[in-house]
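Working notes for the structure below.
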Amino acid sequence: MALVVDSGRIYLDYAASAPLKQCAKDAWMVAHSYPGNPSSSHEDGGLAANLLSDARQTIGRFLGENYEVVFTSGGTESIILGILTSLEGSWSQSHVVTTSIEHSAVLGLLQRLEQAGVAVTLVDPQPNGVISPNDVANALRPDTRLVCIQHANNETGVIQPVNKVAELLSGNDALLFVDAVQTAGKLPLPDVDADLLAVSAHKFGGPRGVGALRIRPGLALRPLIAGVSHENGFRAGTQNVAGIVAMAAAAQECMNYELTPAGRRHLRRLRGYWEEGISRLPFEVRTISNAPTLFETLCILIPGLRGDTVADALDLLGISVSTGSACHSSEEGPSHVLSAMGLDKDTLMSAIRISFGSSLVEDEIDRSLAALESVVVRLETVAGIR
Ligand code: PLP
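9 is the number of the first residue of the sequence shown in our numbering; add one for each residue after it.
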């Protein structure tokens with residue numbers, strides 16, 4: 009059963025925040041009952057430090073065992089810490105290459121850094137939402153210190169060829185930062201060849217407000233704050249032990265199921281079931297079909313209607329979907345991601361994002377599609393489209 013938020017509701021907004029896995033909730037309850045600060049030298053501190061150390065090992069297996077892990081307060085902090093740490097020491101002489109479809113956590117920070125003298129080049133996607141590694145390579149300059157690219161897009165689910173970018177960067181001094189917030193628990197992150205990589209627990213069944221930054225060991229990085237002892241000097245402040253333990257429990261469950269071949273087959277079947285159902289709807293629905301895409305994220309466009317109107321109507325029927333990035337649902341403007349892909353304004357304003365996890369069942373897909381059909385037929389009738 010998918011998470012029932014309220015009696016009968018169907019939750020289809022995992023890309024915004026996935027439901028907390030039961031194992032994570034259980035782990036959080038246990039860890040939260042430990043009083044110690046992991047930096048304290050007494051026995052209670054030692055017990056908290058052991059919990060942290062076990063969680064670090066689990067997250068190490070989840071992200072790649074040969075890397076260092078810095079626990080943070082989530083995806084945004086991991087991004088800020090990763091980018092600022094990479095550029096520390098020579099802001100004004102730095103050039104950064106990124107893409108125009110990054111999450112606002114990346115784009116917003118880089119806009120601020122531009123004001124501080126950092127040069128930034130934005131690479132646009134191809135019409136199918138994929139960033140061309142050659143376009144990234146062509147944007148490099150002798151002073152490029154950092155390349156920032158997402159692993160998969162939060163609005164479209166399109167997967168970026170990050171290892172190809174890493175290949176083109178080999179021999180170059182620039183570091184590669186990958187925002188893997190949308191792919192953690194869905195794609196095997198140990199396979200991603202990045203110097204720095206950011207994840208967030210609440211996108212894969214852990215709690216909100218916890219994340220991690222994976223760092224390749226041996227990089228000459230300077231911590232942002234001098235004299236800090238937490239997290240190997242990379243982050244100041246007492247760790248959120250219970251949240252980190254809960255994140256590790258969610259990561260372990262992903263390694264036990266969602267990331268296994270059986271888990272991937274299950275998600276692919278659910279995706280196929282959505283796509284078949286959508287193709288039978290009695291109105292035009294466009295999808296992004298000519299790009300590698302996460303099974304779990306489906307961006308649909310219903311020409312002639314506004315996505316926010318359809319999403320609101322579905323909400324009234326007990327179904328939670330999103331238009332574009334959840335972080336921007338309060339903004340009226342068109343999605344910067346779909347705009348960069350070259351969609352015209354009317355088409356991109358019609359976008360709806362459906363995102364789900366392995367607990368979704370076919371009956372819920374059937375009910376969601378039936379609700380979508382009734383909403384769209386009603387709205388098209390009112391709008392005089394049919
Ligand atoms: N990066 C991407 C691609 C995201 O989708 C999000 C959240 O939606 C973030 C970063 C920010 O993560 P958090 O909500 O943990 O700060």
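Note that beta-carbon positions come from the ideal geometry of N, C-alpha and C, so glycine has one too.
DSSP three-state assignment for residue 265, whether helix, strand or coil: Within the sequence shown, the letter at position 257 stands for residue 265. Here residue 265 sits in helix by DSSP.
Closest residue to residue 76 among 243, 161 and 257 (Cα-Cα distance): As a working mapping, residue 76 is identified with position 68 in the sequence shown. Minimum Cα distance to residue 76 is reached at 243.
Bridge-paired residues (DSSP) for residue 103: As a first step, residue 103 is located in the sequence shown; it is residue number 95 there, counting from the start. DSSP output for residue 103 lists 127 and 152 as bridge partner(s).
Three or more C-beta pairs below 8 angstroms linking the region 262-280 and the region 128-139: no
Cβ shell of residue 57 (< 6 angstroms), same chain only, five flanking positions each side left out: Indexing the sequence shown from 1 puts residue 57 at position 49. Closer than 6 angstroms at the Cβ level, and outside the excluded window around residue 57, lie 46.
Alpha carbon of residue 136 to alpha carbon of residue 41, nearest angstrom: Reading the sequence shown from its first residue, position 128 is the one you call residue 136. Reading the sequence shown from its first residue, position 33 is the one you call residue 41. So the two alpha carbons sit approximately 49 angstroms from each other.
Simplified DSSP state of residue 223, which is helix, strand or coil: What you label residue 223 is simply residue 215 of the sequence shown in a count that begins at 1. In the structure shown, residue 223 sits in a strand (DSSP, three-state: E or B).
Residues sharing a beta bridge with residue 76, DSSP: Locating residue 76 in the sequence shown gives position 68, where the first residue counts as 1. Answer by DSSP bridge pairing, in chain order: 223.
Check: residue 210 C-beta below 7 angstroms from any heavy atom of the ligand PLP: The sequence position of residue 210 within the sequence shown is 202, counting from 1. Checking the Cβ of residue 210 against the ligand PLP gives yes.
Exposed unless 16 or more other CB atoms sit within 10 angstroms - verdict on residue 333: Sequence index remark: in the sequence shown, residue 333 carries index 325 (1-based). Note that residue 333 has pLDDT 48, beneath the 50 cutoff, so the model's placement of it is unreliable and the number below is only indicative. Buried is the call here.
Check: residue 162 C-beta below 7 angstroms from any heavy atom of the ligand PLP: Locating residue 162 in the sequence shown gives position 154, where the first residue counts as 1. Flag set: Cβ of residue 162 near the ligand PLP.
Distance, residue 288 Cα to residue 386 Cα: The residue you call residue 386 lines up with position 378 of the sequence shown. The residue you call residue 288 lines up with position 280 of the sequence shown. Residue 386 and residue 288: Cα-Cα distance of roughly 17 angstroms.
Cutoff 8 angstroms; reference residue 142; Cβ partners in own chain excluding five residues on either side: Taking the sequence shown and counting its residues from 1, the one referred to as residue 142 is at position 134. Answer for residue 142: 176, listed in chain order.
Neighbourhood of residue 29 by C-beta distance below 8 angstroms, restricted to the same chain and skipping five residues each side: For this step, residue 29 is matched to residue 21 along the sequence shown. If we look at residue 29 and ignore the five residues flanking it on each side, its Cβ neighbours are 213, 214, 257, 258 and 261.
Status (buried if at least 16 other CB within 10 Å, exposed otherwise) for residue 284: Reading the sequence shown from its first residue, position 276 is the one you call residue 284. It is exposed - the Cβ of residue 284 has fewer than 16 other Cβ atoms within 10 Å.
Closer than 7 angstroms: residue 82 CB and nearest the ligand PLP heavy atom: Counting from 1 along the sequence shown, the entry for residue 82 is found at position 74. Yes, the Cβ of residue 82 comes within 7 angstroms of a heavy atom of the ligand PLP.
Beta-carbon contacts of residue 353 that lie in its chain and below 7 angstroms, excluding the five residues immediately before and after: The sequence position of residue 353 within the sequence shown is 345, counting from 1. Closer than 7 angstroms at Cβ, skipping near neighbours: 342.
Reference residue 107; option with closest CA among 196, 147, 389 and 373: Residue numbering aside, residue 107 sits at position 99 when the sequence shown is read from its first letter. Measuring from the Cα of residue 107, the nearest candidate turns out to be 147.
Near the ligand PLP: residue 90 beta-carbon under 7 angstroms from a heavy atom: As a first step, residue 90 is located in the sequence shown; it is residue number 82 there, counting from the start. The answer is no for residue 90.
Any 3 or more C-beta pairs closer than 8 angstroms across the region 364-381 and the region 144-160: no
Length of the line joining the Cα atoms of residue 64 and residue 167: Here residue 64 corresponds to residue number 56 of the sequence shown, with the count starting at 1. Here residue 167 corresponds to residue number 159 of the sequence shown, with the count starting at 1. C-alpha separation (whole angstroms): 27 angstroms.
Contact test: residue 167 Cβ vs the ligand PLP heavy atom, cutoff 7 angstroms: Walking along the sequence shown from the start, residue 167 turns up at place 159. No, the ligand PLP has no heavy atom inside 7 angstroms of this Cβ.
Near the ligand PLP: residue 202 beta-carbon under 7 angstroms from a heavy atom: The residue labelled residue 202 in the question sits at position 194 within the sequence shown. Flag unset: Cβ of residue 202 not near the ligand PLP.
Proximity test, residue 190 beta-carbon vs the ligand PLP heavy atom, cut-off 7 angstroms: Numbered from 1 along the sequence shown, position 182 holds the residue referred to as residue 190. Because some heavy atom of the ligand PLP lies under 7 angstroms away, the Cβ of residue 190 counts as near it: yes.
Length of the line joining the Cα atoms of residue 240 and residue 79: For this step, residue 240 is matched to residue 232 along the sequence shown. For this step, residue 79 is matched to residue 71 along the sequence shown. Their Cα atoms are separated by approximately 10 angstroms.
Reference residue 296, options 361, 316 and 252, closest by Cα: Stepping through the sequence shown from its first residue, residue 296 is reached at position 288. Ranking 361, 316 and 252 by Cα distance to residue 296 puts 361 first.
Residue 270 to residue 221 span [Cα, whole Å]: By 1-based counting over the sequence shown, the position of residue 270 is 262. By 1-based counting over the sequence shown, the position of residue 221 is 213. Rounded to the nearest angstrom, the two C-alpha atoms are 28 angstroms apart.
Limits of the unbroken alpha helix (DSSP H) element including residue 70: In the sequence shown, the residue the question calls residue 70 occupies position 62. Its alpha helix (DSSP H) spans residues 51-71.
Supposed close pair residue 165, residue 306 - CB separation, criterion 8 angstroms: Locating residue 165 in the sequence shown gives position 157, where the first residue counts as 1. Locating residue 306 in the sequence shown gives position 298, where the first residue counts as 1. Rounded, the Cβ-Cβ distance is 7 angstroms, consistent with contact.
Residue 147 - containing alpha helix (DSSP H), residue span: Locating residue 147 in the sequence shown gives position 139, where the first residue counts as 1. That run of the alpha helix (DSSP H) goes 141-147.
CA-to-CA distance, residue 104 to residue 144, given in whole angstroms: In the sequence shown, the residue the question calls residue 144 occupies position 136. In the sequence shown, the residue the question calls residue 104 occupies position 96. The alpha-carbon of residue 144 is positioned some 11 angstroms away from that of residue 104.
Residue from 44, 155, 187 and 370 whose Cα sits closest to the Cα of residue 279: Walking along the sequence shown from the start, residue 279 turns up at place 271. It is 370 whose Cα lies nearest to the Cα of residue 279.
Proximity to residue 18 [Cα-Cα], best of 224, 383, 205 and 367: In the sequence shown, the residue the question calls residue 18 occupies position 10. Nearest C-alpha to residue 18: 367.
Alpha-carbon to alpha-carbon, residue 93 and residue 231: Indexing the sequence shown from 1 puts residue 231 at position 223. Indexing the sequence shown from 1 puts residue 93 at position 85. In a straight line, the C-alpha of residue 231 is about 6 angstroms away from that of residue 93.
For residue 19: DSSP bridge partner residues: Residue mapping note: residue 19 aligns to position 11 of the sequence shown, counting from 1. Its beta-bridge partners are 328.
Reduced DSSP category for residue 167 - H, G, I as helix; E, B as strand; rest coil: Along the sequence shown, one-based indexing puts residue 167 at 159. Looking at residue 167 - three-state DSSP - the assignment turns out to be strand.
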